[in-house]
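Report on the structure given below.
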Amino acid sequence: MLPALILLIVVLSFLTDGLLAKSNIINVFSQSAVVAIAAIGATFVILTGGIDLSVGSVIGASGVASAWVMSTTGSLALGIAGGLFAGAAIGALVGATVAKLKVVPFAVTLAGLYVVSGCTTLLVHGKTIGPVPTGFIQFSIDGPGGVPDSVWLAVVLYVLAQVALTRTKWGRRVLHVGANVEVARISGIRVARTTLSVYAVAGLFSAIAGVVLTSGLAGASASMGSPLLLNVVGAVVLGGTSLAGGRGSLLRTGIGVLFLGFLSNGMSLLGLQDYDQQIVTGAFIFLAASADGLARWLRRRSTARRGPSDPQPQAAGMATG
Amino acid sequence: MLSPVSAIAVEGVSKAFGGIVAVDGVSFTVSAGEVVALAGENGAGKSTIKNIVGGLIRPDSGGVRFGVALAAEGVAGTKHSGVATVHQETSLFPDLTVAENVLLGHLSGEPGVIVRPRRLRRAAAPILKRVGAGFGPEALVRDLSAGQRQLVEIAKALAAEPRAIVFDEPTASLNLAERELVMRIVEQLRGEGVAILYISHYMEEIFRLSQRVVVMRDGRVVADQPTRQLDRGTLESLMVGRELAQGHPPLPKPQSTIMLSVRKLGDGGRISDVSFDIAAGEIFGLAGLMGSGRTEVARAVFGLAGKIGTVEMAGRQLRRGNVGASIAAGMAFITEDRRGEGLFLERPIAESLSMVDLDSVGRAGWLGWLDGGAERGLTTRLGQKVHLVARGGLGAQGGSLSGGNQQKVVIGKWLAREPRLIILDEPTRGIDVGAKAEIHRLLVDLARAGSSVLLISSEMEEVLGLSHRVGVMHNGHLAGVLDRSQATQESVIRLATGGAR
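So the protein lines, in turn, are chains A and B. Reminder that position 216 of the first sequence reads as 216 in my numbering, one-by-one numbering, no gaps. Heads up: take any position in the second sequence, counting from 1, add 1000, and you land on my numbering.
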């Protein structure tokens, strides 16, 4: 996926003016920060073979929670804590339903999407919550080296999450539950506990994304995260993490996020309309998702023309007839 | 040169997968009305030959001729050339009827696009009769036993009216009666002039059924001889490439302390009221027919199912239905379904090896930092302990290993914790003689070191040869426990089929 990202940037830099200007690159990164952070949690969930459709709603709910605490108490720290707690709690509840009641994640998180979003809207009467402290808004605008703090935060979280995935027992358990849940269970991995923790962690990352988005928008509304769901899942899939679970990494997701970020930015610089952008984005996700299958198909066709030199072993189950 | 009666002629076939040579210049023929056994250890290249003959993969060079014409490529091509394959693991659709499964490859011959169930049933009935099936064409495959499914698999192959059939371990998951039935069908087909290539690890089947044995080793044919010129020992050493020690290693004497004590164990379904003890250093065999509840007992003891009755390890009662508690008490469980439950096929071999004892190479705590060096040390040590042969190293995917080596990984991962009770469910099913002997030796060594072993096997010789005592299951109950001196093939079968002891 990294070569594809580099190719995209090279092509776009020839087609547009100013794609590689420092201000524009910072712009791409800061616009990607929220999706990037939420995609960390989504990657963990997808690695276990699950899916979290409630990302956008949790972003809204935790953003609203943090903005509400900030505006009523005037305390930045309490506000952030409130937002993170709300997200992690919702995630843990979703995780408990998936892990203990063994309901399929798609159904649980689809329900979560509606219920969480509806409750948040109800609580705030559909209004935007604010104001938030100026220092908090600065978080998404400026930071060391002219790069916003939110971007630095995302980078640090990616490094930490990748290390947690590859270098800790918890990360290994997440991968193993996704790779083959029966092997994991028989080998003594507490599958339910691992699954629950993954959804709670995903809720926490959605909450961090919600708080960062609140800072960027200088306030929070229930629906502010809703459009982000598809970008979050799209970035994970583009990165090449398997929806079947057990295979993938955060580095891949990071590249997927940047790919979407540069693509969208480049298309805006080219003056493409929204619907044009949708078509192009969809085409790229399609390509990424079917890359393996396409490569296999092309190889098979070329060998069919050249003769029997590189045959394709097929599943034994297709053998008899 | 193809003789006029040859139905299958494999001619100089070579095939490499990603640089690793699987078969190299293999040639042999199978004549009409002849059973040729293809023998060899796992990884010798038998599966590759089977897949090439069956049309699933194309050779890099050489070819396969059927009758007189070179086979068209691909599965559909081999069907028209009159070759069918009966697979080891059945490839049936559980939610379709027997008739639909049997005639699946021939639905295109139906006029129009509509499949008529009644016509299918009528067409399938004579084929089922031919394989001696005791069930009708309207039965759902889901409701059939493993043995019955194998009969459906054979019926499916016969539906094409093939002139040649490749059997790949057709009896691996069958009980004695079902195995007998399959062998009779093979003999009958041979009598009808069908050419048969028969792949099996069971020596009795090779010697009973085949007229000729083709032995493969390291991708080459090392022997192609009439069966009557061979004896078992010669054949085994041809397969392994060295002399094998005959028989089982001598059993060490068990200790007097009880390690495992099972009382009134049940799972609320298939098994009930099962009670037995295993001493430290004792190998306890569990025999019985397919479906008699052996696997269920093993799973219930380990805590994977059932909460009825008590299980004690070294005098301490275990929390039931809790795998973690069982492992902490020193149990290890080697599943009969190694590909589905034993190891990760699509993750590095090393991860499957270290997963049971990850605590020893990671810090305590929820996240638990892993020590990469210590993990490499652990996995290397475990790999050596079970004589793992991983050509691609421990970083390669589990699925790249041969069956025998996959099984070594499944056993090896438990050795990290030096278990006090090892439960093995069909540990040598579908495994070559070399790996099998190594696993047997490993079990005896573990018993000598004081571990208890609960051994489930459908192979009578394995249970009788390795066990201090044999428990026999019948219909979900423990029908009796036989001492080594009493346990014979006859006494075990009598108990297993519901007779008195």
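The beta carbon of each residue, even a glycine, is placed where N, CA and C say it ideally should be.
Query                                                                                                                                                                                                                                  : Result
Starting from H1387 of chain B, follow its DSSP beta bridges and name the residues at the other end.                                                                                                                                   : Answer by DSSP bridge pairing: none, since H1387 of chain B is not bridged.
Since H1440 of chain B is in the beta strand (DSSP E), which residue starts that stretch and which ends it?                                                                                                                            : Taken as a continuous stretch (DSSP letters only), H1440 of chain B belongs to no beta strand (DSSP E), being part of the alpha helix (DSSP H) at 1433–1448.
Quick one: what does DSSP say L5 of chain A is sitting in, helix, strand or coil?                                                                                                                                                      : helix
Do you know offhand how far V257 of chain A's Cα is from A33 of chain A's?                                                                                                                                                             : 9 angstroms
Return the chain-ordered list of same chain residues with a C-beta closer than 7 angstroms to the C-beta of G1403 of chain B, the five sequence neighbours on each side being excluded.                                                : N1042, G1430, I1431
Report the partner residues of G188 of chain A according to the DSSP bridge assignment.                                                                                                                                                : BP columns for G188 of chain A are empty, so no partner.
Which residues does DSSP pair with A141 of chain A in a beta bridge?                                                                                                                                                                   : The sequence shown places Ile at residue 141 of chain A, not Ala. Partner(s): none; I141 of chain A has no beta bridge.
Given this structure, state the Cα-to-Cα distance separating G1354 of chain B from V1186 of chain B, to the nearest angstrom.                                                                                                          : Checking the sequence, you will find Ser at residue 1354 of chain B rather than Gly. About 44 angstroms.
Which residue from A:R167, A:V174, A:W170, A:G210 puts its Cα closest to that of A154 of chain A?                                                                                                                                      : A:G210
Could you tell me whether the Cβ atoms of E1008 of chain B and V1064 of chain B are closer together than 8 angstroms?                                                                                                                  : One detail in the question is off: residue 1008 of chain B reads as Ile in this sequence, not Glu. Cβ atoms of I1008 of chain B and V1064 of chain B: closer than 8 angstroms.
Using 8 angstroms as the cut-off, can you tell me whether the stretch 91–102 of chain A makes contact with the stretch 236–249 of chain A, which would need three or more C-beta pairs spanning the two stretches below that distance? : no
Between I186 of chain A and chain B, is the shortest Cβ-Cβ distance under 8 angstroms, so that the two count as touching?                                                                                                              : yes
At what residues does the beta strand (DSSP E) containing H176 of chain A begin and finish?                                                                                                                                            : It is not in any beta strand (DSSP E) - H176 of chain A instead sits in the alpha helix (DSSP H) that spans 169–179.
Taking beta-carbon pairs under 8 angstroms, can you tell me which members of the stretch 240–251 of chain A lie near chain B?                                                                                                          : G246, R247
Does K169 of chain A get closer than 8 angstroms to chain B when you measure Cβ to Cβ?                                                                                                                                                 : yes
In three-state terms, what does DSSP make of R1316 of chain B?                                                                                                                                                                         : strand
Roughly how far, in whole angstroms, is the beta-carbon of G18 of chain A from the beta-carbon of L269 of chain A, given that I think they are within contact range, below 8 angstroms?                                                : 7 angstroms
Considering only residues of the stretch 37–83 of chain A, which uninterrupted alpha helix (DSSP H) runs meet the minimum length of 4 residues and lie entirely inside it, listed in chain order?                                      : 55–73
Taking only the alpha-carbon atoms, compute the straight-line gap between P3 of chain A and G261 of chain A and give it to the nearest angstrom.                                                                                       : 16 angstroms
Report the neighbours of H176 of chain A on chain B: residues whose CB is nearer than 8 angstroms to its CB, in chain order.                                                                                                           : F1344, R1347, E1351, M1355
Kindly give me the distance between the Cβ atoms of T1227 of chain B and V1213 of chain B, rounded to whole angstroms, as I take these residues to be in contact under 8 angstroms.                                                    : 5 angstroms
Tell me whether G87 of chain A sits in a helix, a strand or coil according to DSSP, three-state version.                                                                                                                               : helix
Would you kindly work out how many angstroms separate the C-alpha atoms of G1062 of chain B and I1052 of chain B, rounded to a whole number?                                                                                           : 11 angstroms
Given a threshold of 16 other Cβ atoms within 10 Å of its Cβ, counted over all protein chains shown, does R1420 of chain B qualify as buried or as exposed?                                                                            : buried
To test your reading of the DSSP string, which unbroken alpha helix (DSSP H) runs of 4 or more residues are found completely within the stretch 1300–1371 of chain B?                                                                  : 1323–1328, 1349–1354
Find the residues of chain B that neighbour V183 of chain A, judging by a C-beta separation of less than 7 angstroms, and give them in chain order.                                                                                    : E1341, G1342, L1343, F1344
I'd like to know if N231 of chain A contacts chain B, where contact means its C-beta is closer than 8 angstroms to some C-beta of that chain.                                                                                          : no
So what does DSSP say about F1093 of chain B, is it helix, strand or coil?                                                                                                                                                             : coil
Enumerated in chain order, which unbroken segments of the alpha helix (DSSP H) with a length of 4 residues or greater are wholly contained in the stretch 107–166 of chain A?                                                          : 134–138
I need the straight-line Cα distance from M1183 of chain B to L1144 of chain B, nearest angstrom please.                                                                                                                               : 20 angstroms
Judging by CA-CA distance, which residue of B:A1037, B:R1417, B:G1340, B:Q1150 is the nearest neighbour of V183 of chain A?                                                                                                            : B:G1340
Take every Cβ of the stretch 171–183 of chain A, pair it with every Cβ of the stretch 51–70 of chain A, and state whether three or more of those distances are shorter than 8 angstroms.                                               : no
Might you give, ordered along the chain, the residues of its own chain that have their beta carbon closer than 7 angstroms to the beta carbon of G1362 of chain B, omitting 5 neighbours on each side?                                 : G1368, W1369, L1370, D1371
By a C-beta neighbour count over all protein chains shown, 10 Å radius and 16 as the cutoff for buried, is T1488 of chain B buried or exposed?                                                                                         : exposed
Within the same chain, show all residues whose beta-carbon is closer than 7 angstroms to that of L1230 of chain B, passing over the 5 residues directly before and after it, in chain order.                                           : V1213
Output yes if chain A places a C-beta closer than 8 angstroms to the C-beta of G1330 of chain B; else output no.                                                                                                                       : no
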